[in-house]
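Per the numbering used here, the sequence shown starts with residue -16, numbered consecutively.
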Amino acid sequence: MVKRLIAWIDYSLALVALLVAWWFATGPMAMPTYLLPSPLRTWNALAGIAVTGELWLHLGFTLQNIILGLVLGSVAGIALAYVMTRFQKLAVWLDGPLVILQTAPKIALAPLFVVWFGFGVLSKVILIFSLVFFPVFIGACAGFRALDPKMKDLAKLLGLGNLQRFRQIELPAAMPEIFVGLKIGAVQALVGAVLAEWMSGKLGLGYLMTYAGATYKTPLLFAAVLLTTFLGQLMHVALSILENRLLYWKGVKK
-16 MVKRLIAWID YSLALVALLV AWWFATGPMA MPTYLLPSPL RTWNALAGIA VTGELWLHLG
44 FTLQNIILGL VLGSVAGIAL AYVMTRFQKL AVWLDGPLVI LQTAPKIALA PLFVVWFGFG
104 VLSKVILIFS LVFFPVFIGA CAGFRALDPK MKDLAKLLGL GNLQRFRQIE LPAAMPEIFV
164 GLKIGAVQAL VGAVLAEWMS GKLGLGYLMT YAGATYKTPL LFAAVLLTTF LGQLMHVALS
224 ILENRLLYWK GVKK
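Put into C-alpha cells, the structure is as follows:
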C-alpha cells in the first residue's frame, strides 16, 4: 500500500513538473501557438468538442475497435498457444508460417486491409487483431510450456477432463505470462486503432488528429494526442488492477 502511494505521488509530481514546463514554454518563453499551444488553449479545445458531444463519438468509436480487437486477438492467441503446446506435431507444422506472419510489417499491411475489407469497422478490427495476437500468443505459449509436470500428474489423479484441467490448472498457471502479452497487446491495439482511423473513416481519435492537423487546429491536435496518451495509461492501469485481482494467489503486487 505504501509503495503504491509513493508511486502515485511520484507520478503526480512528474505530471505537475511537465505541466509547469509546458506553461513556461508557452507563457514566458512565448512559443508560437501553431508550434505549441498553451495548456489553457488545449483544454478549451478539448472542452469545446466535449460539450458538443463530438468527443464522445470519436472516443467511443476508438474504444469499441480497441476492445473488439483486443478481445478477439487475446482469445485467438491463447487458444492457438494451448493447442500448439498440447500437440507438438502441430507446433512443428505451424512454426514456420507463424514466424513469417509475425515478422511481416503489420503497419505496412494496413493499406491492404483497407483494400481487402473496406473502410468500415472490419478492416480496423482486423488490423488491431493482427497487432494483439502475437504478443498474447507468445506470452501464452511461455506460460503453458512452463507448467510444472507435477500439476499434470495431479490432474490425472483427480480425474479432471481436458476442459476442467484447462480452466482449473493450466490457464491460471499461465496467467502471469499471458498478462505480459496482454499489456503489450493493449498498447499495440491503441496504436493500431489510431493508425486505422488515420487511413480511413470519419470517426475516432485518429481521424480527429488527422482533421486537426489538416485544418491547422494545433490545440485540438494536442488535445487528441494527450487524450490518446491518457487512454493508453488508463488501459494499462485497468489491466494491472485485473491482474492483481486474478493473480492474488501468487502475491502479485503493483
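All C-beta atoms, glycine included, are put in the ideal place defined by N, C-alpha and C. Just so you know, these numbers come straight off a predicted model, no measurement behind them.
{"Asked": "Within the 8 Å Cβ cut-off, does Leu137 reach chain B?", "Found": "Checking the listed chains, one finds no chain B in this structure; it contains a single protein chain."}
{"Asked": "Quick check on Leu95: does DSSP put it in helix, strand or coil?", "Found": "helix"}
{"Asked": "Would the beta-carbon of Leu222 fall within 8 Å of that of Ala156?", "Found": "no"}
{"Asked": "Would you mind stating whether Met158 and Leu229 have Cβ atoms separated by less than 8 Å?", "Found": "yes"}
{"Asked": "Given a threshold of 16 other Cβ atoms within 10 Å of its Cβ, counted over all protein chains shown, does Met218 qualify as buried or as exposed?", "Found": "buried"}
{"Asked": "Indicate whether the contact test is met: 3 or more Cβ pairs, each with one atom in the stretch 168 to 188 and one in the stretch 93 to 106, closer than 8 Å.", "Found": "yes"}
{"Asked": "According to the neighbour-count rule (16 or more other Cβ atoms, all chains shown, within 10 Å of its Cβ), is Ile(-8) buried or exposed?", "Found": "exposed"}
{"Asked": "If I measure Cβ to Cβ from Gly56 and keep anything under 8 Å in the same chain, skipping five residues before and after, which residues do I get?", "Found": "Ile111, Phe112, Ser113, Leu114, Val115, Phe116, Val119, Gly168, Ala172"}
{"Asked": "Under 8 Å between the Cβ atoms of Pro20 and Thr9?", "Found": "yes"}
{"Asked": "Taking the CB atoms as reference points, tell me whether Gly248 and Ala123 lie closer together than 8 Å.", "Found": "This structure gives no information on residue 248, because the portion of the chain shown stretches from -16 to 237."}
{"Asked": "Keeping to the same chain, check which residues put their C-beta closer than 6 Å to that of Gly101; ignore five residues upstream and five downstream.", "Found": "none"}
{"Asked": "Whole angstroms are fine: how far does the CA of Leu203 sit from the CA of Leu29?", "Found": "7 Å"}
{"Asked": "Here's a check: name, in chain order, each residue in its chain whose Cβ is nearer than 6 Å to the Cβ of Gly215, leaving out the five neighbours to either side.", "Found": "Leu173"}
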